[in-house]
Structures are given as C-alpha cells and as structure tokens.
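Have a look at the structure below before the remarks.
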Amino acid sequence: MFLLQNCEAFLQEQRLFLRLGRGRLVRDGFLALLFKEAPNLSTSVWTPQEPQGQGQSQGNRCFLCSAEDHSVLDCEFLPCGVVIKSPQMEELDRQQRRARLEEALEKENFGPPEAVRWYKKETSGSGLLYVRLASPELAHELLQQEVLDIGGEPANVYPITKGKPAPKVKANPAKAKIARRKLAKVQAAAATLAPCQVKDGTAPPRPCLLCDDKEHQAHRCPFWRQCVTIKGAEERDRDALLKTLGL
Numbered sequence: 080m081f082l083l084q085n086c087e088a089f090l091q092e093q094r095l096f097l098r099l100g101r102g103r104l105v106r107d108g109f110l111a112l113l114f115k116e117a118p119n120l121s122t123s124v125w126t127p128q129e130p131q132g133q134g135q136s137q138g139n140r141c142f143l144c145s146a147e148d149h150s151v152l153d154c155e156f157l158p159c160g161v162v163i164k165s166p167q168m169e170e171l172d173r174q175q176r177r178a179r180l181e182e183a184l185e186k187e188n189f190g191p192p193e194a195v196r197w198y199k200k201e202t203s204g205s206g207l208l209y210v211r212l213a214s215p216e217l218a219h220e221l222l223q224q225e226v227l228d229i230g231g232e233p234a235n236v237y238p239i240t241k242g243k244p245a246p247k248v249k250a251n252p253a254k255a256k257i258a259r260r261k262l263a264k265v266q267a268a269a270a271t272l273a274p275c276q277v278k279d280g281t282a283p284p285r286p287c288l289l290c291d292d293k294e295h296q297a298h299r300c301p302f303w304r305q306c307v308t309i310k311g312a313e314e315r316d317r318d319a320l321l322k323t324l325g326l
C-alpha cells in the first residue's frame, strides 16, 4: 500500500496519468480508483523528468519527535534517544513491536517510551527501533546496559549516531534515581485514581480514547490513522470544533 504525496492526476486520451516526483511514495496508505467500465491497465516504464537529486525532498519526519523541519541528529530529544536492534522485531507488525518493547522497558523499570519508530532500508540491512525515553538519565542507563531483554531474547542497544559520536550524557546516579522516583509516583497516582481498583493493587485497563475498547490503548487502535490531535483545545471547545469539522 502506498500514499501518494504531492501527486498530480490528469486525463489524456481517456487515460488516467499520475505525475509525481522521485521519492514521493510512502508506505503508509492506499489509493483506490473506481471505474465505470473495465479499465486498460497497461503500464509503461517510468522515466524521471528531472535528474536524480533535483526533485523534492522526501519530507521525512524526525524519528524522536515526528517534526519535519529537522533530522533525528538535530532533535532536542536526542539525549533521550537510543537505537535497539532485535532480530525478532523483523517478523512483527508495528503494534506488536511496540507492545513487546513496552513490556521489556517496564520490566526493567525504564517506564513506557515517549516515542517509537521502526526504520529499515528496503534494499538491505536489518531493521532498527528508534526509541525516546522519558529522560536523558534513563537513556544513558539503558545504554550502559548495552543489552535489553525483549521477549526472552537479547536485543543490542546503541546510541543514535551517523558519522559522528552522539553527545554523551554524564553519568549521574542521583538524577537517575530522582527520575525513577518521579516515574514511580506517576504510576502510583494513575493506579490510585483508576476506578474500580481490585484487591491486588492493580488497576483495570482504561478504555481506548478513540473507540472505548478496553483491549488496547489509543496508539494501538485500528482507528489511529483516522484521528487528529488538536493542541490547545479544551473540553468546552468540543461543540465548536465538531461544528468546524462538519461532524
């Protein structure tokens, strides 16, 4: 499945043509066409109209914050990021990868990741998980371990680099201890505020924000790609936003 970005479609001699620049195909969605009659699906070899390198950029997002105006090496969250290489992740889909990673991190008391991005070159090489943790201290501690147990198999942990060493975070056990205490307080508060707490001290799963299903959270919801996040809006703005969106 492909998502066509900045693509131009036009009719010529009763045929539909798609014109797009090099590198505008992103494996993220699909294109559906409905014809009144059986179409002629013959194709011809695509030849670029521009020399390689003169087309538009691919507009890749930062692996750690999803911003489009910088790469991962220039991200402000780079000290919080690590790269994890695990062969078992190759056979899993996105939701399964994130679930395995979250389970492994919480088991080691690193807390849930702030962001996760799977990257693999189509031509060669193994896939890599770019992971952003809650603080530079937690990222540094994970790098010191060098290995993370994911599903009973060891996964190597590396700093994020590309031709230059990643900025080192000076080891500070005191700050790491404070970060763990803050994380423990947040988790304890969430369990305390959760409704219908059971006797063993664990809270029941909260429903998904998108479909109210208790079997998964919003980032694993099948409707995830159909939603948007509106920053700065409050509950009182709900009716006005729905009216603006025509819902």
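Numbering (my numbering), first residue to last: 80 to 326.
Every residue, glycine too, gets a C-beta built ideally from N, C-alpha and C.
All of these numbers come straight from a predicted model, not from anything done at the bench.
Bridge-paired residues (DSSP) for residue i
i	result
V210	V161 and V195
A234	L227
For residue i, the nearest candidate out of the options (CA to CA)
i	options	result
P215	P233, K199 and I239	I239
R173	P301, E220 and A213	P301
C154	R317, I257, A194 and A263	A194
Q223	Y209, E294, P286 and N235	N235
G190	K164, R196, C159 and E169	C159
S165	V210, E294 and D291	V210
V162	H149, F142 and G325	F142
Q341	S150, A263 and R299	Nothing about residue 341 can be reported from this structure: the residues present for the chain run from 80 to 326 only.
R259	A319, F156, E185 and L180	E185
E169	H149, Y198 and L152	Y198
Y237	L157, A319, C306 and R140	L157
P326	C306, K310 and L217	Here residue 326 is Leu; the residue named in the question, Pro, does not match the sequence. Measuring from the Cα of L326, the nearest candidate turns out to be C306.
N188	R177, L171, D316 and A218	A218
L227	R179, I257, K261 and S205	R179
R196	E147, K322 and R140	R140
Nearest-angstrom beta carbon gap, residue j and residue i [assumed within contact, 8 angstroms]
i	j	result
L221	L207	Contact doesn't hold; Cβ gap of about 15 angstroms is too wide.
Q167	I229	7 angstroms
E181	P192	7 angstroms
W303	L289	7 angstroms
Beta strand (DSSP E) segment containing residue i, residue limits
i	result
P215	Run containing P215: none in the beta strand (DSSP E); it sits in the alpha helix (DSSP H), P215 to Q224.
A312	It is not in any beta strand (DSSP E) - A312 carries neither H nor E in the DSSP assignment.
Where the alpha helix (DSSP H) through residue i begins and ends
i	result
A183	R173 to K186
D318	R317 to L324
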